[in-house]
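Engineer:
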Amino acid sequence: MRRSERERIVTENDSFQLMLAVKNNRRKRSERGEIFVEGVAAIDALVTAGLSVVCVAYSAERSLSRWAEGIIESVQPARVFVVTDELMRKLSGRTDPSEIIVIAKRPSHSLADIRASASPFFVVFDRPSNHGNLGSVIRTGDAFRVSAVVTTGHGVDLYDPTVIRASLGAIFTSPVVHEPSAARIEHWIGSLRAAYPELAVVGTDSSASVSLDDAALARPVVLFLGNEAKGLSERLRGLVDTMVSIPMSGVVNSLNVACAASIVMYEIARNTRTP
505 MRRSERERIV
515 TENDSFQLML
525 AVKNNRRKRS
535 ERGEIFVEGV
545 AAIDALVTAG
555 LSVVCVAYSA
565 ERSLSRWAEG
575 IIESVQPARV
585 FVVTDELMRK
595 LSGRTDPSEI
605 IVIAKRPSHS
615 LADIRASASP
625 FFVVFDRPSN
635 HGNLGSVIRT
645 GDAFRVSAVV
655 TTGHGVDLYD
665 PTVIRASLGA
675 IFTSPVVHEP
685 SAARIEHWIG
695 SLRAAYPELA
705 VVGTDSSASV
715 SLDDAALARP
725 VVLFLGNEAK
735 GLSERLRGLV
745 DTMVSIPMSG
755 VVNSLNVACA
765 ASIVMYEIAR
775 NTRTP
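Residue 505 is where the sequence shown starts when you use the working numbering, and the numbers rise one by one after that.
1. By Cβ distance, which residues of its chain are closer than 8 Å to Gly-554, with the 5 residues on each side in sequence left out?
2. In this structure, does DSSP put Ile-618 in helix, strand or coil?
3. Residue ranges of each beta strand (DSSP E) run of no fewer than 3 residues wholly in the region 531–571, ordered along the chain?
4. What does DSSP give as the partner residues of Glu-683 in its beta bridges?
5. To the nearest angstrom, how far is the alpha carbon of Leu-727 from that of Asn-517?
6. If you follow the alpha helix (DSSP H) that Gly-636 is in, where does it begin and where does it stop?
7. Return the CA-CA distance between Leu-703 and Ser-602, expressed in angstroms with no decimal places.
8. Decide if the region 572–579 is in contact with the region 637–649; the criterion is three or more beta carbon pairs, one per stretch, under 8 Å apart.
9. Using a threshold of 8 Å, state whether the C-beta atoms of Val-587 and Arg-510 are closer than that.
10. Only counting the same chain, and skipping five residues up and downstream in sequence, which positions put a Cβ closer than 7 Å to that of Lys-784?
11. Please identify the residue among His-691, Glu-690, Ile-668 and Ala-687 whose C-alpha is closest to the C-alpha of Val-680.
12. State buried or exposed for Asn-760, treating a residue as buried only when at least 16 other CB atoms are found within 10 Å of its CB.
13. At a cut of 8 Å, does the region 705–718 reach the region 680–691 through at least three beta carbon pairs?
14. Check whether the region 735–742 touches the region 624–636, counting contact only when three or more Cβ pairs, one atom from each stretch, lie closer than 8 Å.
15. Please work out which residues of its chain come closer than 6 Å, Cβ to Cβ, to Met-505, disregarding the five sequence neighbours upstream and downstream, and give them in chain order.
16. Does the separation of the CB atoms of Phe-540 and Val-551 fall below 8 Å?
17. So, for Pro-779: in the same chain, excluding its five sequence neighbours on each side, which residues have a beta-carbon less than 6 Å away from its beta-carbon?
18. Pull up the CB-CB distance for Asp-664 and His-635, whole angstroms please, since I reckon it's below 8 Å.
19. DSSP has Leu-727 in a bridge; who is on the other side?
20. So what does DSSP say about Glu-732, is it helix, strand or coil?
As structure tokens, then:
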């Protein structure tokens with residue numbers, strides 16, 4: 505196994521600017537098909553998923569741990585950049601910069617790639633507008649063995665570094681798909697209904713008359729989550745069989761979408777006998 509050559513960077517040169525662009529610029533990530541990843545959990549998940557690594561960067565002023573050296577040895581990036589501590593802080597999105605930063609090839613999945621089980625459980629998130637919420641939904645979906653998380657419409661970038669970090673790397677180890685077309689979502693739901701006659705298609709709404717307690721949701725199921733500010737679009741709401749509300753007794757009558765999603769996903773998992 506060859507040892508990756510290490511290149512010193514002491515100024516904001518072209519290589520540094522390109523890494524920064526992949527981190528900050530959605531269009532650049534899409535054009536290059538690359539993602540910016542930092543944090544132990546996310547990087548470990550990326551390696552487990554077998555994604556191709558383009559380059560790794562770390563600070564010349566910090567000794568690498570056995571874990572970090574092991575990652576570099578394992579992924580065999582074409583380039584390893586040894587940068588100044590100041591540049592590392594500019595690259596990192598954290599107060600305490602990551603030990604290493606990875607630029608990797610972006611996964612490419614579509615609805616056609618999803619392989620449903622005998623009793624599937626899908627989550628569809630309509631136009632997510634908050635990176636942390638989307639990452640949390642993906643992380644919770646992994647915890648409750650969701651068949652896939654699908655985002656639709658114009659929302660935050662599925663592979664924004666903040667989403668990746670909030671997912672704790674679950675975005676690499678669980679099926680996650682972005683499908684911008686509502687028409688294709690409609691067609692997909694139609695094919696699921698044909699394949700699973702008992703399929704329940706549900707959405708959440710704090711004003712819904714059906715309580716989660718009474719809905720008895722279980723697999724096979726599709727759970728629709730609405731945009732944080734505007735809720736579920738009328739077109740997607742038209743696909744839903746039942747809108748459910750989470751029973752609450754406090755003054756506040758609605759929950760953050762990631763919190764609500766966690767509660768409903770747990771309830772579905774609790775009501776479903778799984779192998």
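Glycine included, C-beta positions come from ideal geometry on N, C-alpha and C. Remember, it's a predicted structure, so these values are computed and weren't measured experimentally.
Structural biologist: Reading off the structure:
1. none
2. coil
3. 538–542 and 557–563
4. For Glu-683, which the question treats as bridged, DSSP gives the partners Thr-656.
5. Taking the straight line joining both Cα atoms gives about 46 Å.
6. 635–647
7. 43 Å
8. no
9. no
10. In this structure the chain extends from 505 to 779, so residue 784 is not present and cannot be described.
11. Ile-668
12. exposed
13. no
14. yes
15. Because Met-505 sits at a pLDDT of 43, beneath the cut-off of 50, its placement in the model cannot be relied upon, and the following sentence gives the value as read from the coordinates. Cβ within range, chain order: n/a, list empty.
16. For Phe-540 and Val-551, no; Cβs fall outside 8 Å.
17. Model confidence at Pro-779 stands at a pLDDT of 45, short of 50, so the residue's coordinates are unreliable; what they give is reported in the following sentence. If we look at Pro-779 and ignore the five residues flanking it on each side, it has no Cβ neighbours.
18. Contact check for Asp-664 and His-635: beta-carbon distance about 5 Å, within the 8 Å limit, so the pair qualifies.
19. DSSP output for Leu-727 lists Val-627 and Val-706 as bridge partner(s).
20. coil
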